[in-house]
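Numbering follows my numbering, with no gaps: position 44 of the sequence shown is 42.
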Amino acid sequence: FFFFFLMLRRPPRSTLDRSSAASDVYKRQDLGYADRMKFLARQQKEWADQQVREKEERKKAEENDEREYADQTLAVTRMRGMLEDDSDQQRHDMYKRIQLENQRLAKEKAHKMKEKKKEELDQEYQEIAYSFVPYGETPDLPATFDEYAKTKGIISPAKMMKYDGP
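See the structure below:
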């Protein structure tokens, strides 16, 4: 098997004769070159413009996302502050109610202790008064020590201020 190759040679570049066959080949190939270059240039410009637009859109979207995140963070911070203020106010109100209730209980306790002390004093008065009355007789004395103190012009020990010393 023998292969024969037809060798086509390119004419030398130094050939300036427009009528040569090689020159005609090159002329036919170059007919759409200017239009093709304009099309490619226009296509590259459109592509570059599109890239710029997309980059600007991404930048605007990122700025918008950052602004929305900042607004959301601010709203959350405000809400947290309001909740903390509300919680602090509720805690303060609760402490105030507890304080008032404790004061009421302390007054009630002091009143009960005063009543108990008065009852103990009256009981002691009754025991002392009956100890001097002969057996079987009913003493003609006031029912409480306070009433007895009024009749005698003396101050009741229940009304005296306690002296704790210097």
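Backbone N, C-alpha and C fix where the C-beta goes; we use that ideal spot for every residue, glycine too.
| Query | Result |
| --- | --- |
| C-alpha gap between Asp83 and Arg89, whole angstroms | 10 Å |
| Burial state of Tyr93 (16 or more Cβ within 10 Å) | exposed |
| Glu44 versus Lys53: straight-line alpha-carbon distance, rounded | 14 Å |
| Three-state secondary structure assigned by DSSP to Gly30 | coil |
| Check whether Asp120 and Thr149 have beta carbons under 8 Å apart | no |
| Through-space distance from Ile126 to Glu117, alpha-carbon basis | 14 Å |
| Exposed unless 16 or more other CB atoms sit within 10 angstroms - verdict on Tyr165 | Summary: the structure shown does not reach residue 165, with the chain confined to residues -1 through 164, and so no result is reported for it. |
| Rounded C-alpha distance that separates Asp55 from Met77 | Reading off the sequence, residue 55 comes out as Glu, not Asp. Cα to Cα, Glu55 sits roughly 32 Å from Met77. |
| Burial state of Tyr31 (16 or more Cβ within 10 Å) | exposed |
| DSSP three-state assignment for Thr142, whether helix, strand or coil | coil |
| Val74 to Asp86 span [Cα, whole Å] | 18 Å |
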